[in-house]
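Residue numbers (the numbering used here): 2 to 580.
In this text, a Cβ means the ideal position worked out from N, Cα and C, and glycines have one as well.
Take a look at the structure set out below.
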Amino acid sequence: MSRNDEIAARLEEFADLLAAQGVEYKPRAYRRAAENVREHTDDVARLARAGEDALDDIEGVGDAIASKIVEYVETSEIEELEELRAELPVDMSELTRVEGVGPKTVGSLYEALGIETLDDLEAAAEAGEIQEVSGFGAKTEQNILENIEFAREATERELLGEARPRGEGVVDYLDGRPGVERIDLAGSLRRWKETIGDVDVLVGSEEPGAVVDAFTDWPEADAVIEAGDQKASVRSGEVRVDLRVVDTSEFGSALQYFTGSKDHNVTLRNVAIERDLKMNEYGVFDISEVDDPDADQRAGDRVAGETEEGMYEALDLPWMAPEIRENRGEIEAARAGELPDLLAQSDVRGDLHVHSDWSDGGHTIREMVEGAAAFGHDYVAITDHATGPGMVGGVGVSDADLREQIEAVHAVADDAEIEVLTGVEGNIGTDGSISVADDLLADLDVVVASPHAGLDGDGTDRLVAAVEHPGVDIIGHPTGRYINQRSGLDVDVERLATAAADHDTALEVNANPARLDLGGGPVKTAVDAGATIAINTDAHSPQRYGLLRYGVHTARRGWAEETDVLNTRGVEDLREFLE
Ligand code: DGT
Ligand code: CA
Ligand code: CA
Ligand code: ZN
């Protein structure tokens with residue numbers, strides 16, 4: 002966690018505890034402040050050390066909140082927060098992971114039943130106690146029971162967007178230290194899976210002791226779980242980080258093995274067996290002359306293992322990107338010479354879903370455009386939220402304001418370095434209708450339509466209706482899920498993608514690590530059905546353009562090629578698709 006994230010988390014906890022006590026308005030102010038602290042480009046702790054006034058520039062941070070930030074930075078505690086925690090000693094973050102359980106529910110259930118943890122909640126729901134609490138019913142209790150398991154998994158797996166910087170941090174820290182000859186991430190993190198159980202780091206070295214020592218001294222490690230001769234595990238924040246040190250000559254085979262996935266490796270080992278070869282973390286071995294190949298892991302003639310490429314080559318297969326190693330047909334495709342030529346981040350030329358301060362973004366249209374240019378994009382579309390269901394607190398832009406915004410965007414476009422497109426993010430209603438007038442949709446360059454409310458049950462009809470709407474160009478975050486928080490709509494992706502292909506509507510891969518929507522599996526279904534994908538960051542500030550990589554690697558997990566992706570096109574081809 003960066004310092005800003007840490008301060009933001011305290012403010013959010015404040016908001017939750019206040020909301021749990023039924024306090025109005027104030028929780029929203031704390032949440033807004035938290036958001037702005039998290040997004041702030043400067044180190045807020047450093048500003049706070051200069052005193053409260055230095056925090057004036059952060060939007061939404063008034064005197065009261067500023068003094069709490071200063072208190073926290075100076076004493077590592079906020080007295081008022083400690084008092085609130087004592088009054089309501091619940092595991093708020095764990096409990097609110099249950100879909101349908103917000104801070105207020107947590108407050109009521111603590112009052113009535115003394116529920117503090119997920120286990121308490123489950124026991125009370127199973128015993129039928131929750132439906133007896135005033136304001137709750139049998140249906141709520143049933144929903145809670147159904148959603149607890151999902152919440153439990155969520156407490157165990159971290160978002161890719163949080164784990165990835167941590168994994169890269171430990172690799173940066175170790176790289177170049179004495180004894181470290183080769184180093185890479187392995188496991189689900191190298192495969193860019195959307196959630197991560199633990200971080201796996203692999204080092205090739207002749208001096209494992211020195212590497213283990215350096216690793217356990219990593220400043221971001223909060224605790225050492227175990228440390229042996231060739232491996233060690235530490236906890237960093239919420240995450241476990243596993244280090245394995247192998248002989249440099251076995252780095253390739255170990256990297257292949259520990260990258261997984263397990264299912265990919267099982268299928269691969271069967272290919273080896275067919276060829277009288279043995280494959281494991283130490284190499285590929287020719288065992289045709291060996292009597293008992295299981296006697297020793299390294300028995301037989303070693304034909305590969307120094308490099309990962311060599312491991313695949315020994316099986317007559319091309320190397321394949323970690324993202325597709327999920328046993329979804331990649332080994333068959335490799336044998337047939339039909340592996341996809343995966344999209345690269347450098348293929349992406351623009352962002353088609355971006356917010357400004359006309360809706361809930363924190364920055365002007367000009368700042369968002371300059372940010373896109375600085376990031377290296379050739380074009381950007383400003384797609385603020387339209388008013389409609391799911392837009393809390395009136396953040397959406399009305400049709401009349403959108404007409405005005407078109408002029409404002411044109412004014413910025415006139416002297417911008419890059420192409421600037423007008424746009425909107427409209428809401429897809431539960432009936433599939435779009436919350437913006439048709440003639441206005443027709444006048445905008447890019448229309449993203451997304452579901453924001455009513456995110457349960459089957460959403461296929463609703464999304465297909467939006468796909469068929471002549472004004473809609475892109476379906477934004479199609480399922481509306483928030484990973485680990487809410488599962489979003491159930492969608493028949495094949496039917497949606499077929500309709501999308503027929504109507505020249507793109508399906509988004511929203512690159513926000515909390516969404517990654519569509520995810521890797523659905524992207525593969527969509528691409529197979531011939532649909533076009535758009536990879537967008539949904540940035541609410543210029544720093545967020547950097548989230549693009551999570552979208553790109555998610556699309557790669559879905560076997561997407563450059564030609565499958567709308568925003569790899571040049572401006573002219575893009576405009577042709579949008580028309
Ligand atoms: P995670 O940590 O749950 O997000 O998923 P992974 O894939 O990182 O799994 P992890 O950390 O348990 O192990 C890392 C890799 O090591 C895994 O992808 C494949 C390999 N591996 C670990 N244990 C086994 C095993 O028992 N059999 C096989 N074939 N491979 C294994
Ligand atoms: Ca792992
Ligand atoms: Ca592991
Ligand atoms: Zn949205």
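The Cβ atoms of V381 and G351 lie closer than 7 Å to each other. Using a Cβ distance threshold of 7 Å, R158 and G198 count as a contacting pair. Contact annotation, R482 with G521: C-beta distance approximately 13 Å; criterion of less than 8 Å not satisfied.
Segment contact: the stretch 260 to 277 against the stretch 204 to 224, fewer than three CB-CB distances shorter than 8 Å; contact not assigned.
Taken in chain order, the complete beta strand (DSSP E) segments of 3 or more residues contained in the stretch 359 to 423 are 380 to 386.
Residue side-chain check: G552 keeps its Cβ at 6 Å or more from all non-hydrogen atoms of ligand 4. Under the DSSP assignment, M93 falls outside any beta strand (DSSP E), being part of the alpha helix (DSSP H) whose first and last residues are 93 to 96. Residue burial is scored here from C-beta neighbours: G306 has at least 16 other C-beta atoms within 10 angstroms and is therefore classed as buried. Rounded to whole angstroms, the gap between the alpha carbons of A10 and R4 is 10 Å. Per DSSP, the continuous alpha helix (DSSP H) segment holding I145 begins and ends at 139 to 157. The beta carbon of A335 is closer than 7 Å to those of L318, P319, M321 in its chain, skipping five residues each way along the sequence.
Inter-residue distance for A46 and E83 is about 20 Å (C-alpha atoms, whole angstroms).
For D292 and D277, the gap between their C-alpha atoms comes out near 12 Å. Counting only the Cα atoms, V465 lies some 14 Å from A530. Nearest C-alpha to E133 among N148, A113, F151: A113. Of all residues, those with a beta-carbon under 6 Å from at least one heavy atom of ligand 2 are G188, S189, G198, D199, D201, reported in chain order.
Counting along the chain, S542 sits inside no alpha helix (DSSP H), nor does DSSP assign it H or E at all. Beta-bridge partners of L244 (DSSP): V202, A233.
Around the beta carbon of P90, fewer than 16 other beta carbons lie within 10 angstroms, which makes this residue exposed. The beta carbon of T260 lies closer than 7 Å to those of A187, G188, R191, R192, P323, R326 in the same chain, with the five residues before and after it left out. Using a Cβ distance threshold of 7 Å, T533 and V494 do not count as a contacting pair.
Exclusion of the five residues before and after R545 leaves T538 as the residues of its chain whose Cβ lies within less than 6 Å of its Cβ.
When the beta-carbon positions are compared, G424 and D446 come within less than 7 Å of each other. Beta-bridge partners of A450 (DSSP): G427, I476.
Of the candidates Q346, D287, P179, D287 places its Cα closest to the Cα of D302. Within the model, the alpha-carbon separation for S434 versus T308 is close to 54 Å. When A87, S94, L548, G136 are compared, the shortest CA-CA separation from L110 is found for G136.
Beta-carbon to beta-carbon, G284 and S254 are separated by about 5 Å, close enough to satisfy the 8 Å threshold.
Summarising the contact set, residues whose Cβ lies nearer than 6 Å to any heavy atom of ligand 4 are, in chain order, E426, S451, H453, G477, H478. Excluding five sequence positions before and after L161, the CB atoms of its chain that fall closer than 8 Å to its own CB belong to L190, W193, K194, E195, T196, I197, P514, L517, Y551, given in chain order.
In this structure, the CA atom of N148 is about 20 Å from the CA atom of A21.
Using a Cβ-Cβ distance cut-off of 8 Å, the stretch 90 to 102 and the stretch 61 to 77 are not in contact, since fewer than three pairs of beta carbons, one from each stretch, lie closer than that value. The C-alpha of Q298 is placed about 55 Å away from the C-alpha of G455.
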